[in-house]
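Trainee: Input: one structure, supplied below.
Number of protein chains: 2
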Amino acid sequence: MARKNAFYAQSGGVTAVINASAAGVIEAARDSKVIGKVYAGRNGIIGALTEDLIDTSKESKAAIAALRHTPGGAFGSCRYKLKNLETNRREYERLIEVFRAHDIGYFFYNGGGDSADTCLKVSQLAETMGYPIQAIHVPKTVDNDLPITDCSPGFGSVAKYTAVSIREAALDVMSMCATSTKVFVMEVMGRHAGWIAAAAGLAQEQEGDAPHIIVFPEIAFDQAKFLKKVQQAVKKYGYCVIAVSEGARYKDGTFLADAGSTDAFGHKQLGGVAPVLAQLVKNELGHKYHWAVPDYLQRSGRHLASATDLEQAYAVGRAAVTFAEQGKNAVMPAIVRGKGKKYAWSIGEAPLADVANVEKKMPRNFISKDGFGITDEARAYLLPLIQGEAEMPFKNGMPVHARLKLAPVTKKLKGKFSI
Amino acid sequence: MARKNAFYAQSGGVTAVINASAAGVIEAARDSKVIGKVYAGRNGIIGALTEDLIDTSKESKAAIAALRHTPGGAFGSCRYKLKNLETNRREYERLIEVFRAHDIGYFFYNGGGDSADTCLKVSQLAETMGYPIQAIHVPKTVDNDLPITDCSPGFGSVAKYTAVSIREAALDVMSMCATSTKVFVMEVMGRHAGWIAAAAGLAQEQEGDAPHIIVFPEIAFDQAKFLKKVQQAVKKYGYCVIAVSEGARYKDGTFLADAGSTDAFGHKQLGGVAPVLAQLVKNELGHKYHWAVPDYLQRSGRHLASATDLEQAYAVGRAAVTFAEQGKNAVMPAIVRGKGKKYAWSIGEAPLADVANVEKKMPRNFISKDGFGITDEARAYLLPLIQGEAEMPFKNGMPVHARLKLAPVTKKLKGKFSI
Chain A
1 MARKNAFYAQ
11 SGGVTAVINA
21 SAAGVIEAAR
31 DSKVIGKVYA
41 GRNGIIGALT
51 EDLIDTSKES
61 KAAIAALRHT
71 PGGAFGSCRY
81 KLKNLETNRR
91 EYERLIEVFR
101 AHDIGYFFYN
111 GGGDSADTCL
121 KVSQLAETMG
131 YPIQAIHVPK
141 TVDNDLPITD
151 CSPGFGSVAK
161 YTAVSIREAA
171 LDVMSMCATS
181 TKVFVMEVMG
191 RHAGWIAAAA
201 GLAQEQEGDA
211 PHIIVFPEIA
221 FDQAKFLKKV
231 QQAVKKYGYC
241 VIAVSEGARY
251 KDGTFLADAG
261 STDAFGHKQL
271 GGVAPVLAQL
281 VKNELGHKYH
291 WAVPDYLQRS
301 GRHLASATDL
311 EQAYAVGRAA
321 VTFAEQGKNA
331 VMPAIVRGKG
341 KKYAWSIGEA
351 PLADVANVEK
361 KMPRNFISKD
371 GFGITDEARA
381 YLLPLIQGEA
391 EMPFKNGMPV
401 HARLKLAPVT
411 KKLKGKFSI
Chain B
1 MARKNAFYAQ
11 SGGVTAVINA
21 SAAGVIEAAR
31 DSKVIGKVYA
41 GRNGIIGALT
51 EDLIDTSKES
61 KAAIAALRHT
71 PGGAFGSCRY
81 KLKNLETNRR
91 EYERLIEVFR
101 AHDIGYFFYN
111 GGGDSADTCL
121 KVSQLAETMG
131 YPIQAIHVPK
141 TVDNDLPITD
151 CSPGFGSVAK
161 YTAVSIREAA
171 LDVMSMCATS
181 TKVFVMEVMG
191 RHAGWIAAAA
201 GLAQEQEGDA
211 PHIIVFPEIA
221 FDQAKFLKKV
231 QQAVKKYGYC
241 VIAVSEGARY
251 KDGTFLADAG
261 STDAFGHKQL
271 GGVAPVLAQL
281 VKNELGHKYH
291 WAVPDYLQRS
301 GRHLASATDL
311 EQAYAVGRAA
321 VTFAEQGKNA
331 VMPAIVRGKG
341 KKYAWSIGEA
351 PLADVANVEK
361 KMPRNFISKD
371 GFGITDEARA
381 YLLPLIQGEA
391 EMPFKNGMPV
401 HARLKLAPVT
411 KKLKGKFSI
């Protein structure tokens with residue numbers, strides 16, 4: 001039987017370890033007896049639609065291995081969601097045209113919840129349009145909001161970045177608070193789920209440690225309660241360190257900071273809740289403040305990645321190929337947490353239909369009663385995910401990152417496809 | 001001869017490695033045959049004025065060693081500048097009262113340019129007020145603006161943090177730019193001197209690498225030229241990454257982002273130039289943007305400290321004690337760069353009178369002709385300072401930081417001193 005080629009694409013916001021998943025897919029496919037070449041979509045699914053494919057077989061073994069320590073999306077990612085077959089049949093026909101031209105029988109899609117939906121639609125192309133293809137979703141999202149999987153690859157690293165960074169900054173604030181900054185606000189990502197905000201809580205090891213307040217998107221912001229807690233911390237410890245989720249919102253659902261613009265998925269583009277909270281503290285309590293918005297630094301901070309997260313990201317990439325070899329379709333490798341006291345994980349299988357468009361929120365029992373901190377349950381869940389410092393080679397003082405050739409696959413189709 | 005005790009204090013904004021200098025002072029003093037105990041000022045010089053001293057002899061050897069990997073100011077720092085003797089004789093009399101009560105004959109002051117001025121005033125107490133004391137300044141500032149010394153301990157680490165962070169974030173932006181963020185702005189510290197902004201330039205290794213634009217405080221901001229360059233980068237590379245100094249200003253001297261409030265030294269408190277620039281790009285060119293303000297994260301990022309910087313910070317601490325043992329006064333250990341091709345450094349001696357209140361700006365030949373980048377001269381100066389990854393112990397996924405006892409020295413004076 002002739003080998004079919006595979007298509008691999010990165011989708012949505014990238015992470016510090018999404019390229020480790022790419023390495024997992026490509027290395028496993030190179031070892032595979034059923035998969036031919038792996039063609040990566042340049043800029044994600046757009047590369048498939050525009051027949052802009054990258055021939056990963058042209059990359060050296062060392063270059064693919066270097067993906068394990070390269071943040072960002074090495075082949076380009078995109079925010080582009082396929083519409084329903086009914087609404088946009090043209091796009092699906094084009095996908096099949098490109099897949100057929102390049103003999104693609106496997107579709108590996110590396111993304112979050114929205115991407116799982118796209119992957120599910122592709123997995124149904126045999127039924128809906130008669131093109132035989134196996135579609136496997138490779139989980140990834142810093143937001144940790146994918147269902148079924150115990151955690152989402154990419155999250156452990158941003159969690160570690162966040163916990164370490166707020167701890168370090170808090171030591172800075174603590175040392176200066178007698179005469180300078182008393183309130184420090186750090187904004188973290190997480191539109192609808194407060195997983196990253198919760199991870200900031202790992203910085204706290206003893207009573208009095210920062211962060212003193214976490215503002216979750218899950219808990220309606222109560223200004224009076226918040227200000228009271230700030231004042232209490234300043235009085236008791238001399239300073240107050242706050243982690244706030246970009247998705248923090250009032251009771252009526254409006255975001256504390258709403259930039260107004262929206263992305264391709266219709267999500268509101270947020271940013272800047274930290275200065276809003278800091279200004280509130282200044283206006284109401286008069287304390288000197290500083291604020292930080294690490295933004296992309298947090299999700300691309302490969303230099304501070306979790307070794308556990310890195311291994312999981314790599315493992316789901318390899319597992320996707322194994323699933324394909326086993327003839328599976330419309331599934332996603334999921335991280336399964338062991339039942340024992342000591343943290344252990346293995347790879348399970350999740351049906352895509354149960355993953356697509358489902359958002360996993362933080363359980364309420366992960367958030368402390370007053371709504372401003374994490375519980376022991378949250379700590380027990382989160383702490384294993386930041387274990388280990390992922391190896392990171394440096395040269396001449398700077399990290400070594402993969403520099404790929406990104407050689408294009410010769411186009412076989414005539415005419416252009418505009419997206 | 002009876003041993004005199006030493007007073008050590010941290011002053012001004014802290015760094016990722018200022019505690020390494022503290023470890024250097026304390027460890028060298030413990031080895032010394034002329035210095036008794038080291039009393040640290042709680043919250044800097046304020047601790048001396050209020051007789052709030054910390055007995056460092058109560059800290060274990062391991063705790064002092066752990067200062068080498070603990071960011072922030074372990075004994076507390078402050079922004080408090082002693083006025084002239086003529087203006088505020090009361091403060092100097094109080095200092096002498098406290099020093100005499102605790103038999104202090106050595107004054108180690110760990111700070112930047114403003115602090116050097118305070119240290120100089122203390123060094124003159126023998127002449128001006130008849131109290132014999134040797135005052136040695138221990139250099140520290142992320143701003144790298146101290147004169148005479150080749151670099152300021154603290155700077156190499158923030159430089160490394162900045163170069164690595166903007167490189168990582170740029171990989172993120174690059175991978176998404178086809179359909180998402182095209183312009184990314186990262187704000188860095190540096191009120192009057194663009195040293196940290198320049199360090200961002202180290203992320204660039206090849207033509208086309210980020211950052212594509214650096215906005216220095218030394219170069220008056222030219223909006224038209226800036227926007228043109230943004231547009232060129234977006235056109236050529238698909239995206240544009242910008243490093244901007246918090247001190248970026250217009251031709252007339254006004255800051256691009258001016259928060260309006262001032263600190264104890266009369267400096268304007270800045271912050272938020274990144275969103276201002278990002279909004280400008282959006283308004284004028286329409287590109288989707290993201291911005292980051294790492295703020296304290298950059299100067300407390302001990303997990304990403306430069307090994308070279310750490311060793312220099314420790315060395316100036318030890319050298320200060322050696323100077324004291326040699327009977328010196330009103331001096332500062334300075335980093336001296338070797339003349340050879342290969343980077344080497346040693347400790348020299350700088351007279352405090354030449355250090356106090358002098359700000360070292362970037363030489364114009366460190367900034368590219370168009371004002372938006374760094375030159376080979378800048379690279380040759382900066383690159384050695386970020387060499388080596390400073391060892392950082394982790395436990396249970398988090399960094400291990402010193403937890404000091406901070407045991408107070410029993411007060412000997414009656415009455416309170418209000419500052």
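From first to last, the protein sequence lines stand for chains A and B. So the first sequence is numbered by UniProt numbering: it starts at 1 and just counts up by one. So the second sequence is numbered by UniProt numbering: it starts at 1 and just counts up by one. Glycine included, C-beta positions come from ideal geometry on N, C-alpha and C.
Is there a Cβ of chain B sitting closer than 8 Å to that of A:K61, yes or no?
Mentor: Numbered from its first residue, the first sequence carries residue 61 of chain A at position 61. No - not a single Cβ of chain B is within 8 Å of the one on A:K61.
Trainee: Can you list the residues of chain B that A:H69 reaches, using a CB-CB cut of under 8 Å?
Mentor: Along the first sequence, one-based indexing puts residue 69 of chain A at 69. Within 8 Å Cβ-Cβ: nothing; A:H69 doesn't reach chain B, min ~11 Å.
Trainee: Hey, how far is the Cα of A:K236 from the Cα of B:I335?
Mentor: In the first sequence, the residue the question calls residue 236 of chain A occupies position 236. In the second sequence, the residue the question calls residue 335 of chain B occupies position 335. Roughly 41 Å separates the two Cα atoms.
Trainee: Counting only C-beta atoms, is A:D309 closer than 8 Å to chain B at any point?
Mentor: The residue labelled residue 309 of chain A in the question sits at position 309 within the first sequence. False, the Cβ-Cβ gap to chain B never drops below 8 Å.
Trainee: Using CA coordinates, which residue listed in A:R79, A:V183, A:P147 is at the minimum distance from A:K288?
Mentor: Residue 288 of chain A sits at position 288 when you count from the first residue of the first sequence. Looking at the Cα atoms, A:V183 is the closest of the given residues.
Trainee: Which residue from B:K405, B:L383, B:N329, B:K414 puts its Cα closest to that of B:A126?
Mentor: Taking the second sequence and counting its residues from 1, one reaches residue 126 of chain B at position 126. It is B:N329 whose Cα lies nearest to the Cα of B:A126.
Trainee: Using a Cβ cut-off of 8 Å, pull out every chain A residue sitting near B:H102, in sequence order please.
Mentor: The residue given as residue 102 of chain B occupies position 102 in the second sequence. Neighbours of B:H102 on chain A: none; closest Cβ ~20 Å, over 8 Å.
Trainee: Given A:K121, which residues of its chain have a CB within under 6 Å of its CB, disregarding the five upstream and five downstream residues?
Mentor: The residue you call residue 121 of chain A lines up with position 121 of the first sequence. Hits under 6 Å: L82.
Trainee: Is B:R90 close to chain A, meaning its C-beta is less than 8 Å from at least one C-beta of that chain?
Mentor: The residue you call residue 90 of chain B lines up with position 90 of the second sequence. By this cut-off, B:R90 is not an interface position.
Trainee: To which residues does DSSP link B:E349 through a beta bridge?
Mentor: Sequence index remark: in the second sequence, residue 349 of chain B carries index 349 (1-based). Answer is B:P333.
Trainee: From the beta carbon of B:Y80, is the nearest beta carbon of chain A less than 8 Å away?
Mentor: Translated into the one-based positions of the second sequence, residue 80 of chain B becomes position 80. So yes, B:Y80 belongs to the interface.
Trainee: Reducing DSSP to helix, strand and coil, say where B:I46 ends up.
Mentor: As a first step, residue 46 of chain B is located in the second sequence; it is residue number 46 there, counting from the start. Here B:I46 sits in helix by DSSP.
Trainee: Under 9 Å Cβ-Cβ, which residues of chain A neighbour B:N43?
Mentor: Taking the second sequence and counting its residues from 1, one reaches residue 43 of chain B at position 43. The contacting residues are S175, M176, C177, A178, T179.
Trainee: Kindly give me the distance between the Cβ atoms of B:V358 and B:M332, rounded to whole angstroms, as I take these residues to be in contact under 8 Å.
Mentor: On the second sequence, position 358 is the one that residue 358 of chain B refers to. On the second sequence, position 332 is the one that residue 332 of chain B refers to. Going by Cβ atoms, the distance from B:V358 to B:M332 rounds to 12 Å, so no, they are not a contact pair.
Trainee: Give a yes or no on whether 8 Å exceeds the smallest Cβ distance from A:L270 to chain B.
Mentor: On the first sequence, residue 270 of chain A is found 270 positions in, with the first residue counted as 1. Here the model assigns A:L270 a pLDDT of 47, short of 50, so the residue's position is not dependable and the matter cannot be decided.
Trainee: If you measure from the beta carbon of B:N396 to each beta carbon in chain A, is any gap under 8 Å?
Mentor: Here the question's residue 396 of chain B lines up with position 396 in the second sequence. Yes, B:N396 counts as interfacial toward chain A.
Trainee: Just mark B:G286 as buried or exposed, buried being the case when its beta carbon has 16 or more other beta carbons within 10 Å.
Mentor: Locating residue 286 of chain B in the second sequence gives position 286, counting from the first residue. Burial call: exposed.
Trainee: Would you report the Cα separation of A:F7 and A:D114, rounded to the nearest angstrom?
Mentor: On the first sequence, position 7 is the one that residue 7 of chain A refers to. On the first sequence, position 114 is the one that residue 114 of chain A refers to. The straight-line gap from Cα to Cα measures roughly 18 Å.
Trainee: Kindly say whether A:P211, judged by its beta-carbon, lies nearer than 8 Å to any beta-carbon of chain B.
Mentor: Sequence index remark: in the first sequence, residue 211 of chain A carries index 211 (1-based). Not closer than 8 Å to any Cβ of chain B, the Cβ of A:P211 fails to qualify, so no.
Trainee: Exposed or buried, A:S300, counting other C-beta atoms within 10 Å across all chains shown (16 or more means buried)?
Mentor: Counted from its first residue, the first sequence places residue 300 of chain A at position 300. Buried.
Trainee: Thinking C-beta only, is B:K360 closer than 8 Å to B:A193?
Mentor: Reading the second sequence from its first residue, position 193 is the one you call residue 193 of chain B. Reading the second sequence from its first residue, position 360 is the one you call residue 360 of chain B. Taking 8 Å as the Cβ cut-off, B:A193 and B:K360 qualify as a contacting pair.
Trainee: What I want to know is whether the C-beta of A:V316 ends up closer than 7 Å to one or more non-hydrogen atoms of the ligand ATP.
Mentor: Looking for the ligand ATP in the displayed structure turns up nothing, as the structure carries no ligands at all.
Trainee: Taking the beta strand (DSSP E) that B:Q134 belongs to, which residues open and close that run?
Mentor: Looking up residue 134 of chain B in the second sequence gives position 134. 134-139 is the span of the beta strand (DSSP E), which, as asked, contains B:Q134.
Trainee: By the three-class DSSP mapping on this structure, what secondary structure does A:K4 have?
Mentor: Working through the first sequence from its first residue, we reach residue 4 of chain A at position 4. In the structure shown, A:K4 sits in a strand (DSSP, three-state: E or B).
Trainee: In terms of alpha-carbon separation, which member of A:R191, A:T118, A:Q206, A:N88 lies closest to residue 420 of chain A?
Mentor: For chain A, the structure presents residues 1 to 419; residue 420 of chain A sits outside this window and is missing.
Trainee: DSSP three-state label for A:K81, please.
Mentor: On the first sequence, position 81 is the one that residue 81 of chain A refers to. Correct three-state label for A:K81: coil.
Trainee: Would you please verify whether the beta carbon of B:D376 is less than 8 Å from any beta carbon of chain A?
Mentor: Indexing the second sequence from 1 puts residue 376 of chain B at position 376. Cβ-Cβ to chain A under 8 Å: no for B:D376.
Trainee: Taking three-plus beta-carbon pairs below 8 Å as touching, is the region 100-112 of chain A in contact with the region 138-149 of chain A?
Mentor: Cβ pair count under 8 Å is three or more, so yes.
Trainee: To be precise: take each residue of the region 113-140 of chain B, compare its Cβ to all Cβ atoms of chain A, and keep it if any distance is under 9 Å. Which residues remain?
Mentor: Within the region 113-140 of chain B, no residue qualifies.
Trainee: Quick one: what does DSSP say B:R318 is sitting in, helix, strand or coil?
Mentor: As a first step, residue 318 of chain B is located in the second sequence; it is residue number 318 there, counting from the start. Looking at B:R318 - three-state DSSP - the assignment turns out to be helix.
Trainee: Is the CB of B:V17 under 8 Å away from at least one CB in chain A?
Mentor: Working through the second sequence from its first residue, we reach residue 17 of chain B at position 17. B:V17 does not count as touching chain A.
Trainee: Let me confirm a value: B:K37 is counted as buried when at least 16 other C-beta atoms fall within 10 Å, else exposed. Which label applies?
Mentor: As a first step, residue 37 of chain B must be located in the second sequence, where it is residue number 37. It counts as buried.
Trainee: So is A:I386 in contact with chain B if we call contact Cβ pairs under 8 Å?
Mentor: As a first step, residue 386 of chain A is located in the first sequence; it is residue number 386 there, counting from the start. For A:I386, the answer is yes, since a Cβ of chain B falls inside 8 Å of its Cβ.
Trainee: Under DSSP, the beta strand (DSSP E) around B:G41 begins and ends at which residues?
Mentor: Residue 41 of chain B sits at position 41 when you count from the first residue of the second sequence. Residues 35-41.
Trainee: Taking 8 Å as the threshold, find out whether the region 397-416 of chain B comes into contact with the region 49-60 of chain B through three or more Cβ pairs.
Mentor: Touching, yes.
Trainee: With B:F155 as the anchor, note down where its alpha helix (DSSP H) starts and where it stops.
Mentor: As a working mapping, residue 155 of chain B is identified with position 155 in the second sequence. Segment 155-176, the alpha helix (DSSP H) holding B:F155.
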